[in-house]
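Colleague:
Protein chains: 2
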Amino acid sequence: MEYKKQIERLIIDFKTNYLSSVSIDFVIFGFHDGQLKVLLLRWKETDKWCLPGGRVRHNENLEAAAYRSLQERTGLGEIFLQQFHTFGDVMRYTHFSKEETMGKLGLSQDALNDFPGRDVSVGYYALVEFARVTPTPDLFTDECQWWDIDQIPLLLFDHNAMITLALKTLRRQLSYQPIGYNLLPEKFTMPDLQQLYETILGQTLDRRNFQKRILGYDILDRLDERKTGGAHKAPYLYRFNKEKYEKALEDEVLFVG
Amino acid sequence: MEYKKQIERLIIDFKTNYLSSVSIDFVIFGFHDGQLKVLLLRWKETDKWCLPGGRVRHNENLEAAAYRSLQERTGLGEIFLQQFHTFGDVMRYTHFSKEETMGKLGLSQDALNDFPGRDVSVGYYALVEFARVTPTPDLFTDECQWWDIDQIPLLLFDHNAMITLALKTLRRQLSYQPIGYNLLPEKFTMPDLQQLYETILGQTLDRRNFQKRILGYDILDRLDERKTGGAHKAPYLYRFNKEKYEKALEDEVLFVG
DNA sequence: GCAAAAGTGTTTTACTTACACCCATGA
DNA sequence: TCATGGGTGTAAGTAAAACACTTTTGC
Numbered sequence: 001m002e003y004k005k006q007i008e009r010l011i012i013d014f015k016t017n018y019l020s021s022v023s024i025d026f027v028i029f030g031f032h033d034g035q036l037k038v039l040l041l042r043w044k045e046t047d048k049w050c051l052p053g054g055r056v057r058h059n060e061n062l063e064a065a066a067y068r069s070l071q072e073r074t075g076l077g078e079i080f081l082q083q084f085h086t087f088g089d090v091m092r093y094t095h096f097s098k099e100e101t102m103g104k105l106g107l108s109q110d111a112l113n114d115f116p117g118r119d120v121s122v123g124y125y126a127l128v129e130f131a132r133v134t135p136t137p138d139l140f141t142d143e144c145q146w147w148d149i150d151q152i153p154l155l156l157f158d159h160n161a162m163i164t165l166a167l168k169t170l171r172r173q174l175s176y177q178p179i180g181y182n183l184l185p186e187k188f189t190m191p192d193l194q195q196l197y198e199t200i201l202g203q204t205l206d207r208r209n210f211q212k213r214i215l216g217y218d219i220l221d222r223l224d225e226r227k228t229g230g231a232h233k234a235p236y237l238y239r240f241n242k243e244k245y246e247k248a249l250e251d252e253v254l255f256v257g
Numbered sequence: 001m002e003y004k005k006q007i008e009r010l011i012i013d014f015k016t017n018y019l020s021s022v023s024i025d026f027v028i029f030g031f032h033d034g035q036l037k038v039l040l041l042r043w044k045e046t047d048k049w050c051l052p053g054g055r056v057r058h059n060e061n062l063e064a065a066a067y068r069s070l071q072e073r074t075g076l077g078e079i080f081l082q083q084f085h086t087f088g089d090v091m092r093y094t095h096f097s098k099e100e101t102m103g104k105l106g107l108s109q110d111a112l113n114d115f116p117g118r119d120v121s122v123g124y125y126a127l128v129e130f131a132r133v134t135p136t137p138d139l140f141t142d143e144c145q146w147w148d149i150d151q152i153p154l155l156l157f158d159h160n161a162m163i164t165l166a167l168k169t170l171r172r173q174l175s176y177q178p179i180g181y182n183l184l185p186e187k188f189t190m191p192d193l194q195q196l197y198e199t200i201l202g203q204t205l206d207r208r209n210f211q212k213r214i215l216g217y218d219i220l221d222r223l224d225e226r227k228t229g230g231a232h233k234a235p236y237l238y239r240f241n242k243e244k245y246e247k248a249l250e251d252e253v254l255f256v257g
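Residue numbers (UniProt numbering), protein chains in the order written: chain E, 1 to 257; chain F, 1 to 257.
1. With C-beta atoms as the reference, is Phe26(F) less than 8 angstroms away from Ala126(F)?
2. Give, in chain order, every residue of the stretch 117-137 of chain F whose Cβ lies closer than 8 angstroms to some Cβ of chain E.
3. Buried or exposed for Met162(F), please, with buried defined as at least 16 other CB atoms from any protein chain shown within 10 angstroms of its CB.
4. Please give me, in chain order, every unbroken run of the beta strand (DSSP E) with length at least 3 that falls completely inside the UniProt domain "Nudix hydrolase" (21-169) of chain F.
5. Are the stretch 46-54 of chain F and the stretch 74-82 of chain E in contact at 8 angstroms, needing three or more beta carbon pairs?
6. Please confirm whether Asp148(F) and Lys37(F) have their CB atoms less than 8 angstroms apart.
7. Determine which residues of the stretch 83-106 of chain E have a Cβ less than 8 angstroms from any Cβ of chain F, and write them out in chain order.
8. Any chance the stretch 205-216 of chain E sits against the stretch 159-177 of chain E, with 3 or more Cβ pairs inside 8 angstroms?
9. Using the Cβ count rule (16 or more neighbours within 10 Å means buried), how would you classify His58(E)?
10. Along the alpha helix (DSSP H) that carries Tyr3(E), what are the first and last residues, could you check?
11. In its own chain, which residues sit with a C-beta less than 7 angstroms from the C-beta of Asn17(F), not counting the 5 before and 5 after it?
12. Give the DSSP bridge partners of Tyr236(F), in chain order.
13. Name the residue from Pro191(E), Asn182(E) and Gln194(E) whose alpha carbon lies nearest to the alpha carbon of Glu246(E).
14. CA-CA distance, Thr134(E) and Arg213(F)?
15. Spatial neighbours of Leu105(F) within its chain, please: C-beta separation below 7 angstroms, excluding the five flanking residues on both sides.
16. At a Cβ threshold of 8 angstroms, is Glu78(F) touching chain E?
17. Which residues in the same chain as Pro153(E) place their Cβ atom closer than 7 angstroms to its Cβ, once the five residues preceding and following it in sequence are excluded?
18. Checking 8 angstroms against the spacing of the C-beta atoms, do Thr204(F) and Glu198(F) come in under that value?
19. Which residue's Cα is closest to the Cα of Ala66(E): Ala65(F), Gly88(F) and Leu81(F)?
20. Between Leu139(E) and Leu10(E), how many whole angstroms is the CB-CB distance? I'm expecting something under 8 angstroms.
21. Who are the Cβ neighbours of Gly202(E) in its own chain at under 7 angstroms, not counting the five residues just before and after it?
22. Where does Lys244(F) sit, in a helix, a strand or coil, going by DSSP?
23. Spell out whether any CB of chain F is found under 8 angstroms from the CB atom of Val27(E).
24. Does any C-beta atom of chain E lie closer than 8 angstroms to the C-beta of His58(F)?
25. Whose C-beta lies closer than 7 angstroms to the C-beta of Asn241(F) among residues of the same chain, with five residues either side of it excluded?
26. With distances taken between CB atoms, is the gap from Gln68(F) to Phe157(F) smaller than 8 angstroms?
27. Since Pro178(F) contacts Ala248(F) with CB under 8 angstroms, what's their CB separation in whole angstroms?
28. Assign Leu183(E) to one of three DSSP states: helix, strand, or coil.
29. Starting from Pro191(E), trace the alpha helix (DSSP H) in both directions and tell me its first and last residue.
30. Decide if Ser175(F) is buried, meaning its Cβ has at least 16 other Cβ atoms within 10 Å, or exposed.
31. Assuming Leu215(F) is part of the alpha helix (DSSP H), what are its boundary residues?
32. Indicate whether at least one CB of chain F lies closer than 8 angstroms to the CB of Glu186(E).
33. Tell me the rounded alpha-carbon separation between Pro185(E) and Leu196(E).
34. Chain F beta carbons: is any one of them nearer than 8 angstroms to that of Val22(E)?
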């Protein structure tokens with residue numbers, strides 16, 4: 001049980017170097033094979049799952065802390081990350097009892113006392129390409145796994161509500177903002193992009209209208225290549241025009257800084 | 001200088017009974033006479049202005065803390081309050097130097113040290129009827145005043161950016177959600193409501209299209225009365241149908257609980 | 001050659017915007 | 001009676017939704 005020491009050290013680290021009362025929680029949506037998934041962690045010595053989270057260092061920007069924590073959990077740096085709500089109900093601890101959940105770790109009383117109690121948590125959602133992620137548990141958890149969006153179990157804290165709201169916000173955002181950069185390979189086909197949208201929205205879309213709308217954003221460059229090897233007619237390859245893409249995001253972005 | 005003692009006591013109160021590292025800031029929009037205004041506070045012994053704020057008690061829900069703080073600053077209980085973003089840049093303290101600003105208050109070194117340093121701040125915006133508000137400064141400020149939205153000076157902290165984002169969010173929200181409850185008297189006319197919208201959006205709207213759109217929401221009951229006393233044709237009076245209004249809010253609300 | 005996916009435009013519909021006339025009221 | 005604001009409906013324009021045929025490719 002070497003990890004006990006590590007956890008106790010981490011808790012002291014929290015107390016010393018991080019903002020108290022503030023935490024970050026992540027709804028990391030993974031896209032793969034026409035399935036929308038969420039990355040969950042299993043709490044040590046229990047069968048209970050929760051969202052990955054993080055904390056903010058003194059002198060660290062909130063957003064920077066979010067990117068840092070996310071990197072730790074997924075191995076990914078440049079990804080689509082969006083603040084969506086801040087959760088501050090006292091009762092969000094409903095499904096989490098410090099004694100019950102932490103007790104099994106056999107920590108010292110000091111460590112238990114110093115473990116963050118009631119936090120206000122800033123919720124971010126992220127979109128990543130499933131395959132690029134290396135799920136990595138943190139010290140409090142011993143498993144990190146993708147879950148199908150419609151098979152999420154009852155989670156610790158208020159994390160079920162967080163997922164629901166994150167998905168709702170993401171879907172809304174999709175209606176007025178482009179998405180896909182860092183989520184698809186550099187070169188991709190229009191059907192690839194459409195499948196991404198359909199997966200997130202949970203509904204099918206008309207091919208022709210979809211293409212019209214996306215091309216209307218004027219953020220894609222069509223390449224002269226086609227994707228070969230498929231069993232059918234070879235579709236064109238597209239690439240995001242980074243400048244135009246960034247500009248489109250700015251023009252309509254809800255949350256800045 | 002009796003207030004010095006009070007402030008020192010308040011700072012201790014903060015340290016003891018409130019979450020550290022978390023604060024709340026309010027962009028309180030006031031509507032009056034076709035003008036959109038924001039409530040600002042002037043920091044004691046300076047000519048610098050800032051947004052009203054609050055802190056969260058241990059065991060108090062974030063939203064409850066927001067309503068409580070707002071009540072303290074405006075005297076109003078039931079009002080339209082909406083979380084819009086959480087600000088966590090370290091640099092948001094650009095225009096605030098603890099030494100400079102607090103120094104003039106002649107506080108003890110202990111109090112200065114205990115005064116909250118770097119916070120993550122949850123931003124809420126509120127809509128209130130100008131005339132119903134009793135602006136009340138807090139202990140750190142000695143003036144509480146309405147400012148015209150387009151005459152806001154350079155504020156302390158990152159508060160100018162907060163106002164900008166709050167207004168942007170409010171305007172966006174207006175396009176898919178009804179607004180007006182608690183902002184207009186119980187009975188009001190269609191031109192009253194239109195003026196409210198025009199004030200917030202900063203643009204004029206077509207009378208007929210506006211009426212069509214609003215009535216299309218199906219949240220108003222037209223009364224048999226008309227508003228008399230005006231210099232012209234007596235307009236009909238309307239009343240919000242609270243049930244339908246709440247339902248309309250829920251159906252499209254971005255942020256819940 | 002056939003099944004399955006991809007490329008491409010037009011029609012229809014719904015929604016949004018623009019616009020005009022008559023009526024009531026107080027000065 | 002006149003100036004001003006309020007009540008009401010329709011036509012035009014624009015954006016979204018529905019829809020069909022042809023081409024390519026591997027089997």
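A virtual CB, placed ideally from N, CA and C, is assigned to each residue, including glycine.
Modeller: Quick look at the numbers:
1. yes
2. Arg118, Val120 and Val122
3. buried
4. 22-32, 35-43, 80-87, 120-129 and 141-148
5. no
6. yes
7. Gln83, His85, Thr86, Phe87, Gly88, Asp89, Val90 and Met91
8. no
9. Result: exposed.
10. Tyr3 to Asn17
11. Arg57 and His58
12. Arg226(F)
13. Asn182(E)
14. 50 angstroms
15. Lys4, Ile7, Lys44 and Glu45, listed in sequence order.
16. no
17. Trp49
18. yes
19. Gly88(F)
20. 5 angstroms
21. none
22. helix
23. no
24. yes
25. So the list reads Ile219, Leu220 and Asp221, once near-sequence residues are dropped.
26. Strictly speaking, residue 68(F) in this sequence is Arg, with Gln absent from that position. Result no, Cβ atoms of Arg68(F) and Phe157(F) do not sit closer than 8 angstroms.
27. 5 angstroms
28. coil
29. Met190 to Leu201
30. exposed
31. Arg207 to Tyr217
32. no
33. Going by the C-alpha atoms only, they are around 12 angstroms apart.
34. yes
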